[in-house]
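These notes concern the structure reproduced below.
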Amino acid sequence: MGIRVTVVLDELNVEKLRNIQAKLLRGSTKSVSFSYVLNRVTEEGLRKFKP
């Protein structure tokens with residue numbers, strides 16, 4: 078289980094994340110949560126920022 082964090086997202090970013098979520102839902106028989114999508118996108122983005 079993850080840690081609950083409150084963030085404020087730009088409307089355009091929310092729209093992009095919802096589009097990714099919709100695409101994943103179309104290709105799956107299981108539910109895909111917004112948190113799951115946000116975590117995947119964040120994880121992939123963080124890989125690009127190596128300290």
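Note that my numbering has the sequence shown beginning at 78, numbered continuously upward. Built from N, CA and C at the ideal position, the CB exists for glycine as well. All figures in this text were calculated on a predicted structure; none of them were measured in a lab.
Classified as buried, VAL114 has 16 or more neighbouring CB atoms from the shown chains inside 10 Å of its CB.
Taking the CA atoms as reference points, SER110 sits about 7 angstroms from GLN98. Looking from the CA of THR83, the closest CA among SER112, LYS127, ARG124, GLU121 belongs to SER112.
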